[in-house]
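Data first, discussion second: the structure below is written as structure tokens.
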RNA sequence: GCCCCCAUCGUCUAGCGGCCUAGGACAUCACCCUUUCAAGGUGACGGCACGGGUUCGAAUCCCGUUGGGGGUGCCA
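In this note's numbering, the protein residues as written are 229 to 693.
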């Protein structure tokens, strides 16, 4: 990999957790947009240091989710995936270097001992008690970073200067008692060896940043450019969590949300191009996105608005795209020709593609009469009359087309002096089983004469009892 | 507790000292259109958290208060 060039190198470093978090999706997208526009590189690094989070299939899930978002491993901007666990030696070497330089020291105190002493001294956390004991490495001995006096100033592209008083940062652990490297160390060393120039991640990492920056300094390498973007929150304004909230990207995908809509929506959370336009293609977003324009406050992930975006994107699809997409959401045995014919009529009625089957099932399957709809509509006397007369009119229809079927019903209803909206109701319930659905005459057209007549006659029969 | 971040309609945002009697989008409501339901059109409702400064002038700058969030692990 080219780690010496002047081209910016971004990275996305998720830890495998079994599903892809929408917040992670947004962070990945931010990095991707930047890498693309700046002619840089997007590095994917799987942070699998914690053994509990280390399953091969989790990694594939991440790659699949990224691909769905348009971040493809095939793209020249993409690099990876790399695995944190595979650079263990580099982490250890860096730790050794820090020890040699006197920037880190071993500590034999157990968590219990630390808690005890802290309580005794009335302090919180670790007080650097082993700093100058000259403890050597050994089982159960952790390696700690010797936090220097002074102030650490983090220059953040999103937030400006953030200052931390080093005195409130305790000597944090670099190597666990079993010798394995901990997040802060591994993360920094990997970023260094991968030549990362820009660290763009969620705000929750901001408190880690002074520690990491001290590590960069101690290791003698110029720090990367930081950018901490606000987190995504739920309705209670709490950070999106997998326990309480619907955060899995895969789930939204399974529910029929379009990748384009999801991507576009995600990009409007915490960022705007500065004008009044929200819906725009990725190609434009990519050119417009600036870290400097990212907001500072947490944003609520609103499924209602996501849905609105999705509906918007569905309506922008061409008929071909629409039919193609619908095809993936209905049973394989449903007739393609009929699907092609009805698809355009459901386009403005869709929120997600999961809505498709229930909207048009009556065209492909035996009709199921919704009793509530039936009693509501058929109880009216004129409805019964309309149904009977329309049935015979349709039986003798000279032409089977939406326009003609509509005209025939208009003829039928005329003596009754009613509006089309009312007159179509009994036909609709008889044929589709419900009071709402796609445009009626178009539906009858697609359904065909025979099936339509069958259903009308069944309904008439049922009424005759 | 301590550290850090944040604060414009219910929500996402525009605004970066005068163009703001604060603009757009989603949601909500009303009306129009209409073949049900949608979509579409028009309109309404609704906000600068509070208090001090700075300034001729503050949503915009500074300070404080309050409120919210994040972190505080031998997790990442």
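Even glycine gets a Cβ: it sits at the ideal position worked out from N, Cα and C. Predicted model only: the values in this text are computed from it and were never measured.
Check, Outcome
"Distance, residue 275 Cα to residue 361 Cα", "33 angstroms"
"Residue of 499, 310, 590 and 652 minimising C-alpha distance to residue 523", "499"
"Spatial distance of residue 638 from residue 654 (CA atoms)", "14 angstroms"
"Limits of the beta strand (DSSP E) - the one that residue 388 falls within", "388-393"
"Runs of alpha helix (DSSP H) wholly within the stretch 327-411 (minimum 4 residues, chain order)", "339-349"
"Residues that residue 272 bridges to, as DSSP identifies them", "240"
"Candidates 421, 420, 422 and 455: closest to residue 437 by CA position", "455"
"Nearest residue (CA-CA) to residue 296, options 633, 477, 563 and 518", "477"
"Residues of its chain near residue 683, where Cβ-Cβ distance is below 6 angstroms and the 5 sequence neighbours each way are ignored", "595, 658 and 659"
"Residue ranges of each alpha helix (DSSP H) within the stretch 470-534, 4 or longer", "477-482, 487-495 and 510-516"
"Sequence-distant residues of the same chain with beta carbon closer than 7 angstroms to residue 248, five excluded per side", "289, 290, 293, 476, 477 and 478"
"Beta-carbon separation (whole angstroms), residue 399 vs residue 375, contact threshold 8 angstroms", "5 angstroms"
"Length of the line joining the Cα atoms of residue 582 and residue 484", "5 angstroms"
"Three-pair Cβ contact test at 8 angstroms for the stretch 668-677 versus the stretch 626-641", "yes"
"Whole-Å CB distance - residue 538 paired with residue 486, under 8 angstroms assumed", "6 angstroms"
"Buried versus exposed, by CB contacts within 10 Å (16 or more), residue 379", "exposed"
"Bridge partner(s) assigned by DSSP for residue 306", "270"
"Entirely enclosed alpha helix (DSSP H) segments - the stretch 637-677, minimum 4 residues", "648-660 and 668-675"
"DSSP-derived helix/strand/coil call for residue 235", "coil"
"Beta carbon of residue 405 nearer than 8 angstroms to that of residue 370", "yes"
"Reduced DSSP secondary structure (H/G/I, E/B, other) of residue 229", "Per-residue confidence for residue 229 stands at a pLDDT of 40, beneath the threshold of 50, marking its modelled position as unreliable; no derived number is given."
"Residues bridged to residue 454 (per DSSP)", "384 and 427"
"Rounded straight-line distance, which links the Cα of residue 421 to that of residue 440", "14 angstroms"
"Expected contact under 8 angstroms - CB spacing of residue 458 and residue 525 to nearest Å", "6 angstroms"
"Neighbourhood of residue 563 by C-beta distance below 7 angstroms, restricted to the same chain and skipping five residues each side", "592"
"Sub-8 angstroms separation of residue 584 and residue 574 beta-carbons", "yes"
"C-beta contact flag for residue 704 and residue 518 at 8 angstroms", "Nothing can be reported for residue 704: it is not among the residues displayed for the chain, which extend from 229 to 693."
"First through last residue of the alpha helix (DSSP H) which encompasses residue 250", "250-265"
"Distance between residue 430 and residue 394 (C-alpha atoms, nearest Å)", "22 angstroms"
"For residue 321 and residue 412, the rounded distance between their alpha carbons", "15 angstroms"
"Of the listed residues 644, 623, 587 and 260, nearest to residue 608 (C-alpha basis)", "644"
"Reference residue 689, options 616, 652 and 677, closest by Cα", "616"
"CA-to-CA distance, residue 271 to residue 365, given in whole angstroms", "34 angstroms"
"In DSSP terms, what residue 460 is bridged to", "527"
"Supposed close pair residue 598, residue 656 - CB separation, criterion 8 angstroms", "In fact, because the Cβ distance is near 11 angstroms, the residues do not count as touching under 8 angstroms."
"Closest by C-alpha distance to residue 304, when choosing among 345, 352 and 237", "237"
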